[in-house]
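Taking numbering that gives the first Met the number 0, the leading residue of the sequence shown gets 0, the next gets one more, and so forth. All C-beta atoms in this analysis are idealised placements derived from N, C-alpha and C, irrespective of residue type, glycine included. Since this is a predicted model, take the numbers as computed values, not measurements. These notes concern the structure reproduced below.
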Amino acid sequence: MSDRKPYRNFKRREPSQTIEQKVESFIMRNSKSGFFTKVSTIPYKFEVSKDRTWDIVGELLSNGSFESVHDEYSGEMKLCEYGKKYEIMELERKRKREKYKSKKHATEK
0 MSDRKPYRNF KRREPSQTIE QKVESFIMRN SKSGFFTKVS TIPYKFEVSK
50 DRTWDIVGEL LSNGSFESVH DEYSGEMKLC EYGKKYEIME LERKRKREKY
100 KSKKHATEK
């Protein structure tokens, strides 16, 4: 017989999060990192239907903890934590500017 030790440190897992909670934490995490979350990525990332996605987005927006912005070029809806809209927009603009500058310098050399 083997002399294996029993799993003494085995802990019960908490019940897994619902899809709504997963989506909510994903959007919060993106907002804290300085990014918007496009609504079109939610069905692919969480494997839910588009109708279900819009139900979840509607619930999150009605709770008041998130706000939405529409992309100026594609018109796509993007979500972020309430009160972070302008901060993230500024970060996006800086990233685009840096990307443009790095491309410009790379083509000049």
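Within the same chain, no Cβ atom closer than 6 Å to the Cβ of S48 is found once the five residues on either side in sequence are excluded. Between the beta-carbon of K31 and that of K77 there is about 15 Å, and that puts the pair past the 8 Å contact cut. According to the DSSP assignment, V68 belongs to the beta strand (DSSP E) that extends over 65-69.
Beta-bridge partners of E80 (DSSP): F65. Take the alpha-carbon of K83 and the one of W53: they are about 21 Å apart.
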